[in-house]
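K.L.:
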Amino acid sequence: MQELLQSIAFAIAAILHGITGMGFPMIGTTALAFVMPLSQAVAMVALPSLVMSLFVIIANRNRWIASEIWHYCYTYRVLAITSIIGSIIGVGLLISLPSTLLYLIMAAVTLYYAAQGLLSLQGKLPELRVPTTTLSMAIFGLMAGVVGGATNAMSPILLMFLLSYSKDKNEIAKASNLCYLLGKLVQLVLLKNQFIAFDRQDWLMMLMLIIIAIGFLFVGIYLRNKLSISTFKALTYGVLLLLAFKIGHVGIQGLFS
Numbered sequence: 001m002q003e004l005l006q007s008i009a010f011a012i013a014a015i016l017h018g019i020t021g022m023g024f025p026m027i028g029t030t031a032l033a034f035v036m037p038l039s040q041a042v043a044m045v046a047l048p049s050l051v052m053s054l055f056v057i058i059a060n061r062n063r064w065i066a067s068e069i070w071h072y073c074y075t076y077r078v079l080a081i082t083s084i085i086g087s088i089i090g091v092g093l094l095i096s097l098p099s100t101l102l103y104l105i106m107a108a109v110t111l112y113y114a115a116q117g118l119l120s121l122q123g124k125l126p127e128l129r130v131p132t133t134t135l136s137m138a139i140f141g142l143m144a145g146v147v148g149g150a151t152n153a154m155s156p157i158l159l160m161f162l163l164s165y166s167k168d169k170n171e172i173a174k175a176s177n178l179c180y181l182l183g184k185l186v187q188l189v190l191l192k193n194q195f196i197a198f199d200r201q202d203w204l205m206m207l208m209l210i211i212i213a214i215g216f217l218f219v220g221i222y223l224r225n226k227l228s229i230s231t232f233k234a235l236t237y238g239v240l241l242l243l244a245f246k247i248g249h250v251g252i253q254g255l256f257s
């Protein structure tokens, strides 16, 4: 029953990731964190997330695959490089510090951003805009990398910048997934001891997660093409709001465990 519920959670996460370009690492990690240590859960989700991010980047392209990847690497090179640096720092925090504080901080930031975004779409608050300079891109990339490396919750910080930088939902999804992909590569290298400790059952679970993720990812990508940018934003903020409550719940549980 537990494996069935986890599979359903991963399928939903993959669909949401296909639609909004985010959600799978965060939902997948929190789903697994109930049955294994956080560092092991982060490692378990790393490879499926890497594969999904690559598919998001090359889907709906107007260029050859290599040209598409190069376009996003070049256009968002500052965001990508700083997110790599931040991911290295974040993985170090994951290994050395308790995760509870990181979860609570991430929940607070995500909750504020999601609530503000939903209220702005309803005209009750002005839309949150952040600077889109090169310096701002570097700062947000670094912050997103640190948080992503430590908790797999890179999405909210990246989207604060990208939703101000671009109005193209495919551009937003692909740019964010470039950073996810690079962050996962960092985790694969720095969490090698976690992978070494995996047994046969762990590897079979990871294979199952990859199959589920890829299958339902394309369902989400298909649905994304049917959405307007305003609907895309509303769904994105809604997913972030749910994730904020989920992350906060995990963090509060950690305080009393």
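For what it's worth, the UniProt record's numbering labels the leading residue of the sequence shown as 1, then goes sequentially.
Just so you know, even glycine gets a beta-carbon here, dropped at the ideal spot from N, CA and C.
Everything numeric in this text was worked out from a predicted model, so none of it was measured.
(1) Is the region 160–177 touching the region 93–107 in the sense that three or more CB pairs, one from each, lie closer than 8 angstroms?
(2) Exposed or buried, Ser155, counting other C-beta atoms within 10 Å across all chains shown (16 or more means buried)?
(3) With 16 as the cutoff for other CB atoms within 10 Å, does Thr134 come out buried or exposed?
(4) Can you check whether the CB of Leu54 is closer than 7 angstroms to the CB of Leu223?
(5) Look at the alpha carbon of Leu209 and the alpha carbon of Pro131, and state the distance between them as a whole number of angstroms.
(6) In chain order, what residues of the same chain lie with their CB nearer than 7 angstroms to the CB of Ile212, ignoring the 5 residues before and after it?
(7) Would you say Met26 and Leu243 are within 7 angstroms of each other, going by their C-beta atoms?
(8) Does Ile229 pass the burial test, meaning 16 or more other C-beta atoms within 10 Å, or should it be called exposed?
(9) Could you check the C-alpha separation between Leu79 and Leu94 for me, to the nearest Å?
(10) Exposed or buried, Gly123, counting other C-beta atoms within 10 Å across all chains shown (16 or more means buried)?
(11) Run through DSSP, which three-state label would Met156 get?
(12) Considering just the uninterrupted stretch of the alpha helix (DSSP H) at Asn177, what are its terminal residues?
(13) Assess, as a yes-or-no matter, whether the region 63–75 is touched by the region 232–242 under the definition of 3 or more beta carbon pairs within less than 8 angstroms.
(14) What does the alpha-carbon distance come out to for the pair Leu217 and Ala59?
(15) Which of the three DSSP states is assigned to Ser49 in this structure?
(16) I'd like the span of the alpha helix (DSSP H) that includes Thr236, first residue to last.
(17) Give me the Cα-Cα distance between Phe198 and Ala46, rounded to the nearest whole angstrom.
(18) Val189 CB to nearest chain D CB: under 7 angstroms?
(19) Can you tell me whether Glu127 is helix, strand or coil according to DSSP?
(20) Locate the alpha helix (DSSP H) running through Phe140, then write down its first and last residues.
(21) For the region 114–129 against the region 188–204, do three or more pairs of beta-carbon atoms, one drawn from each stretch, fall closer than 8 angstroms, so that the two count as touching?
(22) Going by CA-CA distance only, name the one from Leu158, Val147 and Leu101 that's closest to Val250.
(23) How many angstroms separate the CA atom of Asn170 from the CA atom of Met36?
P.N.:
This is what the structure gives:
(1) Fewer than three pairs of CB atoms, one per stretch, sit closer than 8 angstroms, so the region 93–107 makes no contact with the region 160–177.
(2) buried
(3) exposed
(4) no
(5) 37 angstroms
(6) These residues qualify, in order along the chain: Ser7, Phe10, Ala11 and Ala14.
(7) yes
(8) exposed
(9) 22 angstroms
(10) By the neighbour-count rule (16 or more Cβ atoms within 10 Å), Gly123 is not buried but exposed.
(11) In the sequence as displayed, the identity of residue 156 is Pro instead of Met. It is helical.
(12) Lys169 to Leu190
(13) no
(14) 11 angstroms
(15) helix
(16) Ile229 to Leu255
(17) 13 angstroms
(18) You won't find chain D in this structure, because it holds only one protein chain.
(19) coil
(20) Thr134 to Thr151
(21) no
(22) Leu101
(23) 34 angstroms
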